[in-house]
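Colleague:
Protein chains in written order, with my numbering: chain P, 1 to 183; chain Y, 184 to 493.
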């Protein structure tokens with residue numbers, strides 16, 4: 001089955017502007033960069049978290065600690081899906097008293113975030129956890145919502161949302177893909 | 184992802200799968216260093232540890248790995264199981280199947296035990312050591328320790344010293360090393376060598392002193408007095424003089440070499456206390472790796488399909 005690009009939701013410049021806005025919103029809500037930490041969910045959430053940290057550093061002149069989270073071991077569908085090779089979970093700063101912003105590329109069913117919350121709790125007890133996503137495409141299966149959303153993209157269930165982020169991908173973009181006709 | 188349903192021989196896993204196990208074990212090793220050593224990963228899975236031969240480290244290592252992954256585990260030992268009442272192997276297998284267990288980790292004094300279980304059970308079988316045949320998870324943790332310390336096993340010379348013919352550890356380790364591009368050498372008196380040593384992919388030497396300076400890894404095996412054939416050397420003292428690692432021989436071991444032993448050790452026979460205390464000896468690193476490697480194996484065997492393929 002082939003997939004065709006139905007629409008480009010965000011191009012490279014849009015992605016950058018969106019991230020700058022999310023960074024400002026995070027800082028506004030947290031009242032500055034003090035006690036703030038970002039934790040990205042592998043793989044693209046991790047890349048986004050580092051980009052947000054760079055933007056926050058350029059706005060506030062403060063370094064925000066960034067961590068990486070692989071949620072494979074916390075999935076609720078381990079019996080049917082398995083990540084072949086586990087990525088590294090690296091959160092090498094104490095979470096206690098921190099406002100932790102979880103960062104992911106797409107918010108969909110909410111199950112990844114549920115797993116990420118469990119994974120994060122096993123590492124420590126943050127003061128609070130917020131959620132930032134580049135795209136919210138709806139179709140939630142759990143009572144979870146994002147605090148900071150780059151773009152709401154109402155999508156059909158059979159469509160796919162493809163987020164590409166440099167340097168992991170070749171470009172910065174958000175696209176909606178549609179399953180093509182026939183083979 | 185491990186394609187084979189069971190892990191009975193080291194050849195049940197491909198080279199790529201071995202490296203995947205080692206890679207994933209690094210993640211689990213980090214989790215074992217956390218204050219909260221618990222993951223929900225295998226919730227709802229039932230694992231039976233059927234150890235019909237004595238074991239301390241292998242059984243506790245599997246049990247810890249199961250508990251840290253939140254699997255439910257049951258322990259059976261020779262004295263507490265119905266096998267002492269004369270229950271046959273097949274009846275034991277069918278009994279566990281009827282209880283809907285997901286995995287059986289089995290150890291038995293006869294080689295081939297796990298294969299018979301596998302042929303008659305729905306559950307997945309992991310060999311925890313069967314007779315003088317194989318001990319695949321020991322090999323995986325040994326490889327983990329070697330790769331952590333040396334970066335790779337490719338091109339390395341690994342001397343496996345001692346009671347080769349009775350050693351299930353050597354039975355899994357030598358073929359794995361050979362196919363990963365290392366050079367395993369069996370170093371033992373002829374009475375402790377298998378009839379066809381090159382079937383396991385290893386060269387042979389009768390003199391430890393001759394090859395010791397060339398070794399990247401000095402892998403010592405326990406002299407197994409409890410096996411049916413008993414001692415195959417005139418005396419332990421003679422064995423120690425010719426093949427024991429002691430302070431004198433330590434001087435010929437390369438500075439960057441590793442000294443390994445699968446345990447339990449016979450202090451003063453194949454390894455002296457000074458050697459155990461030497462910084463090149465990594466026996467406790469092996470034990471530490473054991474829990475992480477077994478977590479990786481169970482995760483990869485009990486998880487579902489490959490996500491990339493799904």
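Every residue, glycine too, gets a C-beta built ideally from N, C-alpha and C.
Which same chain residues, not among the five before or five after residue 305 of chain Y, have their C-beta less than 8 Å away from its C-beta?
Modeller: So the qualifying residues of the chain are 280.
Colleague: What whole-angstrom Cβ distance do residue 400 of chain Y and residue 341 of chain Y have, given they're in contact under 8 Å?
Modeller: Confirmed, Cβ separation roughly 4 Å.
Colleague: Can you tell me where the beta strand (DSSP E) with residue 387 of chain Y in it begins and where it stops?
Modeller: Counting along the chain, the beta strand (DSSP E) containing residue 387 of chain Y begins and ends at 386 to 388.
Colleague: Considering only the beta carbon of each residue, do residue 221 of chain Y and residue 251 of chain Y sit closer than 9 Å?
Modeller: In this structure, residue 251 of chain Y lies closer than 9 Å to residue 221 of chain Y by Cβ.
Colleague: Which of the three DSSP states is assigned to residue 286 of chain Y in this structure?
Modeller: DSSP places residue 286 of chain Y in strand when its eight states are reduced to three.
Colleague: Say whether chain P places a C-beta atom closer than 9 Å to the C-beta of residue 493 of chain Y.
Modeller: Confidence in residue 493 of chain Y is poor, its pLDDT being 35 and thus under 50, which makes the residue's placement unreliable; the coordinate value appears in the next sentence. So, interface residue.
Colleague: Straight-line CA distance for residue 491 of chain Y to residue 165 of chain P?
Modeller: For residue 491 of chain Y, the pLDDT reaches just 47, beneath the cut-off of 50, and the residue's location in the model is therefore unreliable, although a value from the coordinates is still provided. Between residue 491 of chain Y and residue 165 of chain P, the C-alpha separation is close to 20 Å.
Colleague: Can you give the Cα-Cα distance for residue 94 of chain P and residue 124 of chain P, rounded to whole angstroms?
Modeller: Distance between the alpha carbons of residue 94 of chain P and residue 124 of chain P: 7 Å.
Colleague: Give me the residue from Y:364, Y:358, Y:357, Y:345 with the minimum Cα distance to residue 336 of chain Y.
Modeller: For the residues Y:364, Y:358, Y:357, Y:345, the minimum Cα distance to residue 336 of chain Y belongs to Y:364.
Colleague: Among the candidates Y:234, Y:321, Y:476, whose CA atom is the shortest distance from the CA of residue 446 of chain Y?
Modeller: Selected option, being the one with the closest Cα: Y:321.
Colleague: Just checking my contact of residue 11 of chain P with residue 173 of chain P at CB under 8 Å: how many whole Å lie between their CB atoms?
Modeller: At roughly 6 Å, the Cβ-Cβ gap stays under 8 Å, so residue 11 of chain P and residue 173 of chain P are in contact.
Colleague: Run down chain P in chain order and give the residues with a C-beta less than 7 Å from the C-beta of residue 207 of chain Y.
Modeller: The contacting residues are 85, 86.
Colleague: Could you check which residue in Y:311, Y:356, Y:318 has the C-alpha nearest to that of residue 329 of chain Y?
Modeller: Answer by Cα proximity: Y:356.
Colleague: Where does residue 363 of chain Y sit, in a helix, a strand or coil, going by DSSP?
Modeller: Looking at residue 363 of chain Y - three-state DSSP - the assignment turns out to be coil, as it is neither helix nor strand.
Colleague: Taking contact to mean at least 3 C-beta pairs separated by less than 8 Å, is the stretch 300 to 316 of chain Y in contact with the stretch 468 to 475 of chain Y?
Modeller: Because the criterion of three Cβ pairs below 8 Å is not met, the stretch 300 to 316 of chain Y and the stretch 468 to 475 of chain Y do not touch.
Colleague: Taking residue 477 of chain Y as the reference, give the member of Y:277, Y:271, Y:288 with the closest Cα.
Modeller: Of Y:277, Y:271, Y:288, the residue nearest in Cα terms is Y:288.
Colleague: If you drop the 5 nearest sequence neighbours on each side, which residues of the same chain put their C-beta closer than 6 Å to that of residue 254 of chain Y?
Modeller: Only 225, 228, 230 meet the Cβ criterion.
Colleague: Where does residue 103 of chain P land, buried or exposed, given buried means 16+ other C-beta within 10 angstroms?
Modeller: Answer is buried; the Cβ neighbour count reaches 16.
Colleague: Exposed or buried, which one is residue 70 of chain P when buried takes at least 16 other CB atoms within 10 Å?
Modeller: Buried: at least 16 other Cβ atoms inside 10 Å.
Colleague: Checking the sheet assignment: what are the DSSP bridge partners for residue 291 of chain Y?
Modeller: DSSP lists Y:313 as partners of residue 291 of chain Y.
Colleague: Does residue 109 of chain P have its Cβ less than 9 Å from a Cβ in chain Y?
Modeller: By this cut-off, residue 109 of chain P is not an interface position.
Colleague: Please tell me whether residue 123 of chain P has its Cβ less than 9 Å away from any Cβ of chain Y.
Modeller: Judged by the 9 Å Cβ criterion, residue 123 of chain P is in contact with chain Y.
Colleague: Look at the alpha carbon of residue 193 of chain Y and the alpha carbon of residue 460 of chain Y, and state the distance between them as a whole number of angstroms.
Modeller: The straight-line gap from Cα to Cα measures roughly 31 Å.
Colleague: Looking only at DSSP bridge pairs, what is residue 297 of chain Y linked to?
Modeller: Per DSSP, none; premise fails for residue 297 of chain Y.
Colleague: Quick one: does residue 89 of chain P have its CB under 9 Å from some CB of chain Y?
Modeller: Yes, residue 89 of chain P counts as interfacial toward chain Y.
Colleague: Using only the alpha-carbon positions, how far apart do residue 366 of chain Y and residue 338 of chain Y sit?
Modeller: Answer to the nearest angstrom: the Cα atoms are 7 Å apart.
Colleague: Using 8 Å for Cβ pairs, my map puts residue 407 of chain Y next to residue 346 of chain Y. What's the rounded Cβ distance?
Modeller: Contact holds; Cβ gap of about 5 Å.
Colleague: Quick one: which unbroken alpha helix (DSSP H) runs of 4-plus residues sit fully inside the stretch 328 to 384 of chain Y? Chain order, please.
Modeller: Here the runs fully enclosed are 351 to 362.
Colleague: For residue 260 of chain Y, which residues does DSSP report across the bridge?
Modeller: DSSP lists Y:234 as partners of residue 260 of chain Y.
Colleague: Suppose you measure from the CA of residue 67 of chain P to the CA of residue 73 of chain P; what does that come to, to the nearest Å?
Modeller: Approximately 17 Å, taken between the alpha carbons.
Colleague: Return helix, strand or coil for residue 37 of chain P, following the three-state DSSP convention.
Modeller: Residue 37 of chain P falls in the strand class under three-state DSSP.
Colleague: Taking the alpha-carbon positions, what's the residue 419 of chain Y to residue 452 of chain Y distance?
Modeller: When rounded, the distance between both Cα atoms is 7 Å.
Colleague: Strictly below 7 Å CB to CB, what residues from chain Y border residue 73 of chain P?
Modeller: The answer, in chain order, is 222, 224.
Colleague: From the beta carbon of residue 105 of chain P, is the nearest beta carbon of chain Y less than 9 Å away?
Modeller: No - not a single Cβ of chain Y is within 9 Å of the one on residue 105 of chain P.
Colleague: Between residue 41 of chain P and chain Y, is the shortest Cβ-Cβ distance under 9 Å, so that the two count as touching?
Modeller: Residue 41 of chain P does not count as touching chain Y.
Colleague: Ignore the nearest five residues each way along the sequence and tell me which others in residue 394 of chain Y's own chain have a CB closer than 7 Å to its CB.
Modeller: Correct list, in chain order: 342, 368, 370, 388.
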